[in-house]
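First the structure, in the form of structure tokens, and then the observations on it.
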Amino acid sequence: MIYFITGNKHKYIEAKKILHEIEMKHIPYPEIQADSLEEVAEFGINYLKNKVNGKFFLEDSGLFINALNDFPGVYSAYVFKTIGNDGILKLMEGIDGRKAYFKAVIAYYDGEIHLFKGICHGRIAMQKRGKGFGYDPIFIPNGSKKTFGEMNKEEKNKYSHRGIALREFDRFLNSQ
Ligand code: IMP
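Listed below in structure tokens is the structure:
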């Protein structure tokens, strides 16, 4: 059994569809303001490694919008809490290029740190569509017409940054 340290039920359900032998554990840890998701994830592992009994992983992700010079990027959680999807759509008004990507970094600790990454390219929708969590209603992955918010978890996993990182993590675990 491996613990997924997160307070985000959606992320846990997405992970459980790919990695079956996991359990959600909510232990708050500092999400430092750093230049990269990798640094945030590694800081989290170092903070948690003496507090969790057993193998565990955490995940840090962000939305990077081309026309906004990669904003919100590492500030994604704060920006979602403050201006939300409506705020992002407002910032995008009048901008033609709507390219964006999501990135996920999974950090796994089994005595040492292992990182698994996933990137999903796509674009920002003209308006919110569907449910999901976070920026799901405004992100359309390449290869689909639907936003993440209009997909079920299986379909989202096929395209998503998290699905890609989770499958790489799963391959690593299976090769152990
Ligand atoms: P964190 O990794 O939980 O810090 O996420 C950063 C921000 O990006 C939060 O506001 C999340 O809601 C958002 N986010 C992360 N992954 C996704 C996703 O798969 N869909 C939509 N929003 C996401």
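Position 42 (the sequence shown) corresponds to 915 in the working numbering; numbering is contiguous.
Beta carbons are placed, not taken as given, at the ideal position from N, Cα and C, and that holds for glycine.
Which listed residue (the options) has its alpha carbon closest to that of residue i
{"i": "Ile938", "options": "Met874, Ile891 and Cys993", "result": "Cys993"}
{"i": "Phe975", "options": "Asn1015, Arg1002 and Tyr951", "result": "Asn1015"}
{"i": "Asn923", "options": "Asp1009, Lys889, Gly984 and Asp1043", "result": "Gly984"}
{"i": "Lys972", "options": "Asp943, Val952 and Asp959", "result": "Asp943"}
{"i": "Glu896", "options": "Pro903, Lys882 and Tyr951", "result": "Lys882"}
{"i": "Gly970", "options": "Leu921, Ile1037, Tyr885 and Arg996", "result": "Arg996"}
{"i": "Arg1035", "options": "Ala977, Glu1028 and Arg1002", "result": "Ala977"}
{"i": "Leu936", "options": "Pro1010, Phe1045 and Pro901", "result": "Pro1010"}
{"i": "Ile886", "options": "Lys1031, Ile1037, Lys1026 and Arg1044", "result": "Lys1026"}
{"i": "Ile905", "options": "Tyr948, Lys1031, Leu941 and Met874", "result": "Tyr948"}
{"i": "Ile968", "options": "Ala940, Arg1002 and Lys890", "result": "Ala940"}
{"i": "Lys928", "options": "Phe1012, Ala907 and Ile875", "result": "Ile875"}
{"i": "Arg1002", "options": "Asn1030, Arg1044 and Asn958", "result": "Asn958"}
Chain-order list of residues whose beta-carbon lies under 7 Å from that of residue i (same chain, five-residue window excluded)
{"i": "Ala980", "result": "Ala914, Glu915, Gly917, Ile918, Phe930, Leu931, Ile986 and Leu988"}
{"i": "Gly1007", "result": "Phe953"}
Contacts around residue i, its chain only, beta-carbon distance under 8 Å, and the 5 residues preceding and following it disregarded
{"i": "Asn926", "result": "none"}
Cβ-based neighbour list, residue i, same chain, cut-off 6 Å, excluding 5 preceding and 5 following
{"i": "Glu1041", "result": "Phe989"}
{"i": "Gly880", "result": "His899"}
{"i": "Ser1033", "result": "Cys993"}
{"i": "Lys1004", "result": "Gly1022"}
{"i": "Gly902", "result": "The sequence as given places Tyr at residue 902; Gly does not occur at that position. Once the five neighbours on either side are set aside, the close Cβ partners of Tyr902 are Gly917, Tyr920 and Leu921."}
Residue i vs residue j beta-carbon contact at 9 Å
{"i": "Met999", "j": "Leu1039", "result": "no"}
{"i": "Tyr982", "j": "Leu921", "result": "yes"}
{"i": "Leu910", "j": "Ser934", "result": "yes"}
Problem set entry | Contact shell at 5 Å, judged by CB to any heavy atom of the ligand IMP, ordered along the chain | Residue list for the ligand IMP: Asp933, Ser934, Ser949, Ala950, Phe953, Gly1007, Tyr1008 and Asp1009 (CB closer than 5 Å to any heavy atom, chain order).
Exercise. What are the uninterrupted segments assigned as alpha helix (DSSP H) that are 4 or more residues long and contained completely in the stretch 897-935, given in chain order?
Worked result: Entirely contained in the stretch 897-935, the alpha helix (DSSP H) runs reaching 4 residues are, in chain order, 910-921.
Problem set entry | In chain order, each beta strand (DSSP E) run of at least 3 residues that lies wholly inside the stretch 960-1018 | Considered as a whole, the stretch 960-1018 harbours 972-982, 986-997 and 1012-1014 as its complete beta strand (DSSP E) runs of no fewer than 3 residues, in chain order.
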